[in-house]
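J.: Mind having a look at this structure? Questions to follow.
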Amino acid sequence: MKFAPSALLATTCLQALSIVQGARFSARGRPRRSEASVLSKRDDAVIDLQDMAYYVNITLSGEQYEVQIDTGSSDLWVAGTVTNANNTGTQATINYAVGSDTGPIMTADMTWDGYDFTVTDQAFIQVTPSDASPEGLGLVGLGPSSGSVIYQSLNQSAAGETPLNRIFLQNTSEPNFITVSLGRSNFSDPDAPTEYPGDFTIGEVIPEYANITSQPQLDVTHAADSENQHWSVLLDANGVTVGNGTTFQTTTTVSQASDKSRLTFVFDSGFTLPQVPADLAKAIYGDIPGAKLVNLSDAGESWVMSCAEEVNVTFVFGGVSIPIHPLDATMQDPSLGNDSQCLGTFQPISDGAAGDYDGILGMAFLRNAYLLVNFGDFVDGNTTAKAPGYTQLLAMTDPATAHAEFVKVRQSGQTLSSTSTLAAGDVSASSVGQKVKMTAKKIAMIVGIAVGVLLLVLLGCCCLCCKGRGGGRYRQLNDPAPMAAVDVHGHHAPATYVPYNDGQYQTAWDHRS
């Protein structure tokens, strides 16, 4: 599958690019309020609250900018005047679901924070600062270069290549991939400035998640219009389970799809609220007690329900199940005017919002999956030939632990809803059963001890002997449970899962006071 243009950057433009085999950048997530989505060429019907963004640092002409990492677009833009940048004489406009960013296409030497390699004359859009785009901030698109507005505006010339393509061209024998991990906050002070950890890598895998490379390779689907190409893949047939394990029957609206039972989803790290078919959103939230579909001014058509209701949903790609943490399935929203009410994060996408995909899986999904995107390897060092691109996913959420965390955060340690019974619920029920069994055993032990005491009174000559035998087995009811009971709760989380921390906010939207 071809994503890169046929006209590639000349070797002479790469002489100033230092050789780096791989790079890892720490991303910082912060709340951000803007209705402008970052998936280029989206229909106006698609709205994103955009309350979160993950940033890394870059420099242009030696000046530092904080740019959002976005797998849903393909261009670099920054707000503010870049010193000593060169003007190409061409204007470009990036259209969002609501609004747009326009500015001259400039070029400047670009470096990535913390790594000693430079891309000379990198093309970017220089945007006039505004409330929506403050000075010093920007966005770096990590999508296929065929969707780059800059590349198209510069007549598909080598000068318009994306930052990632410029890096990949440095060493054509190395694989051209990135990985993205979006984390949750680990701060214990709710009044402290809140940043949410994440990782973004180029050409290397985070060591603790190295087994992502052994996961199934999901082919990137072709868009009918190459300029609308994104990192989109096929969901397995009927590859969604909701509620207590009900399988959702999927039917795609993508006209060129050969298998109508498989939905096409775009992976977009810059889109906060996933967009899914309306019937899927209804399947996820419709049976939740008290849930209702409303039209919100800042979020569009959305499902609203009690924050205490646990929502269970799992997506399956290439046979790999990606359970969604229930704390990611709903979020508080100020427009609801009630802290006890939450918004369903998997929003209904409007009919006809896009012809090339059925939905967009943004942050609420990607917090639960480590994502690898392979742009297509250069074949035999030939920079004009590329192998097909693909993605890989590694599940990051353990359902049993996620259930316990949800109960602790949203239900004050008490399970309130009968709807929260997937595998995690079954584990909890089993645990309760074990507790009952252990309690019954302890009561039996107490009765036995009482009978023993009576026998001791009647058989005084055996008193010391009987005490010696009983001492090792007796437990007070408030003693720690035997290890057998602890093992029931000690569910082994996968190596990819980050255990719950009492002080952490499980999502960007669960800021607890």
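For the sequence shown, the residue numbers in mature numbering (1 follows the signal peptide of the UniProt record, and there is no 0) are -22 to -1, 1 to 491.
By construction, the Cβ of each residue, glycine as well, lies at the ideal position given by its N, Cα and C atoms.
Owing to the predicted nature of the structure, the values given are computational and were not obtained by experimental measurement.
Measure the alpha-carbon distance for Gly217 versus Leu117 and round it to whole angstroms.
T.: Whole-angstrom Cα-Cα distance: 32 Å.
J.: Thinking C-beta only, is Gly81 closer than 8 Å to Val232?
T.: For Val232 and Gly81, no; Cβs fall outside 8 Å.
J.: Name the residue from Gly297, Ser78 and Val127 whose alpha carbon lies nearest to the alpha carbon of Leu196.
T.: It is Gly297 whose Cα lies nearest to the Cα of Leu196.
J.: Return helix, strand or coil for Ile145, following the three-state DSSP convention.
T.: Looking at Ile145 - three-state DSSP - the assignment turns out to be helix.
J.: What is the rounded straight-line gap between the Cα of Ala342 and the Cα of His303?
T.: Their Cα atoms are separated by approximately 9 Å.
J.: Answer yes or no: the CB of Leu271 versus the heavy atoms of the ligand COA, is any distance below 7 Å?
T.: Looking at this structure, you won't find the ligand COA or any other ligand, since it has none at all.
J.: For the beta strand (DSSP E) that contains Gln325, what are its first and last residues?
T.: Counting along the chain, the beta strand (DSSP E) containing Gln325 begins and ends at Gln325 to Ile327.
J.: Whole-angstrom Cβ separation of Gly315 and Gln207, contact assumed at under 8 Å?
T.: Not quite, the Cβ-Cβ distance comes to about 40 Å (not below 8 Å), so this is no contact.
J.: Looking only at C-alpha atoms, which of Pro255, Thr199 and Trp90 sits nearest to Ser328?
T.: Comparing Cα positions, the closest option is Pro255.
J.: Expressed to the nearest angstrom, what Euclidean distance is found between the alpha-carbon atoms of Gln253 and Gly40?
T.: If you take the alpha carbons of Gln253 and Gly40, they lie about 38 Å apart.
J.: Going by DSSP, which residues form a beta bridge with Gly337?
T.: Beta-bridge pairing links Gly337 to Phe243.
J.: Kindly provide the ranges of any beta strand (DSSP E) runs that are 3 or more residues long and lie completely inside the segment 226 to 313, ordered along the chain.
T.: Those beta strand (DSSP E) runs which fall completely within the segment 226 to 313 and span 3+ residues are 242 to 245, 253 to 255, 270 to 274, 278 to 284, 291 to 295, 298 to 301 and 308 to 310.
J.: How close, in whole Å, do the beta carbons of Asp53 and Ile72 come, if the pair is a contact with beta carbons under 8 Å?
T.: With a Cβ gap of about 6 Å, Asp53 and Ile72 count as contacting.
J.: From Thr59 to Thr106, what distance separates their C-alpha atoms?
T.: In a straight line, the C-alpha of Thr59 is about 8 Å away from that of Thr106.
J.: Under the rule that 16 or more other beta-carbon atoms within 10 Å means buried, what is Asp246, buried or exposed?
T.: Answer is buried; the Cβ neighbour count reaches 16.
J.: When burial is assigned at 16 or more other CB atoms within 10 Å of the CB, is Pro458 buried or exposed?
T.: Because Pro458 carries a pLDDT of 28, less than 50, the predicted location of this residue cannot be relied on, and no value is offered for it.
J.: Taking just the CA atoms, how far does Tyr335 sit from Ile371?
T.: Reading the sequence as shown, one finds Leu at residue 371 and not Ile. Computed Cα separation, rounded: 19 Å.
J.: Let's see if you can read the secondary structure: which residues bound the beta strand (DSSP E) around Ile72?
T.: From DSSP, the beta strand (DSSP E) with Ile72 extends over Asn64 to Asn73.
J.: Near Phe353, which residues of its chain fall below 6 Å by C-beta distance, leaving aside the five closest residues on each side in sequence?
T.: Excluding positions up to five away in sequence, the list reads Asn154 and Gly367.
J.: Within 10 Å of its beta-carbon, does Asn346 have 16 or more other beta-carbons around it, so buried, or fewer, so exposed?
T.: It is buried - the Cβ of Asn346 has at least 16 other Cβ atoms within 10 Å.
J.: In three-state DSSP terms, what is Leu344?
T.: Of the three classes helix, strand and coil, the one that applies to Leu344 here is helix, per DSSP.
J.: Kindly indicate which three-state DSSP category Val387 falls into: helix, strand or coil?
T.: Reduced to three states, the DSSP call for Val387 is helix.
J.: Kindly indicate which three-state DSSP category Val60 falls into: helix, strand or coil?
T.: Here Val60 sits in coil by DSSP.
J.: Leaving out five residues on either side along the sequence, give the residues of the same chain with a beta carbon under 8 Å from the beta carbon of Leu132.
T.: Here the set comprises Thr66, Thr68, Ile83, Ala101 and Gly138.
J.: If I measure Cβ to Cβ from Phe324 and keep anything under 6 Å in the same chain, skipping five residues before and after, which residues do I get?
T.: Within the same chain, Phe324 has close Cβ partners Pro252, Val254, Ala259 and Ile262.
J.: With distances taken Cα to Cα, identify the nearest neighbour of Asp91 among Val385, Val34, Thr61 and Val97.
T.: Among Val385, Val34, Thr61 and Val97, the Cα nearest to that of Asp91 belongs to Val34.
J.: Can you tell me whether DSSP reads Val198 as helix, strand or coil?
T.: Coil, per DSSP.
J.: Is it right to say Asn143 is buried, meaning 16 or more other beta carbons lie within 10 angstroms of its own, or is it exposed?
T.: Under this definition Asn143 is a buried residue.
J.: Is the distance from the Cβ of Ala277 to the Cβ of Leu344 below 8 Å?
T.: No, the Cβ-Cβ distance between Ala277 and Leu344 is not below 8 Å.
J.: Please go through the same chain and pick out, in chain order, the residues whose beta-carbon is closer than 7 Å to the beta-carbon of Ala202, but skip the five residues on each side of it.
T.: Excluding positions up to five away in sequence, the list reads Gln234, Gly333 and Asp334.
J.: Looking at C-alpha atoms only, which residue of Gln148, Ala215, Ser108 and Ala365 is the closest neighbour of residue 492?
T.: Absent from the model: residue 492. The displayed extent of the chain is -22 to 491, so no value can be given.
J.: Between Thr369 and Leu350, is the Cβ-Cβ spacing less than 8 Å?
T.: Yes.
J.: Would you decide whether Ser236 is buried or exposed? Buried here means 16 or more other CB atoms lie within 10 Å of its CB.
T.: It counts as exposed.
J.: Might you give, ordered along the chain, the residues of its own chain that have their beta carbon closer than 6 Å to the beta carbon of Thr292, omitting 5 neighbours on each side?
T.: Cβ within range, chain order: Thr219, Ser299 and Pro301.
J.: Using 8 Å as the threshold, is the C-beta distance between Trp209 and Gly119 below it?
T.: No, these two residues do not count as a Cβ contact at 8 Å.
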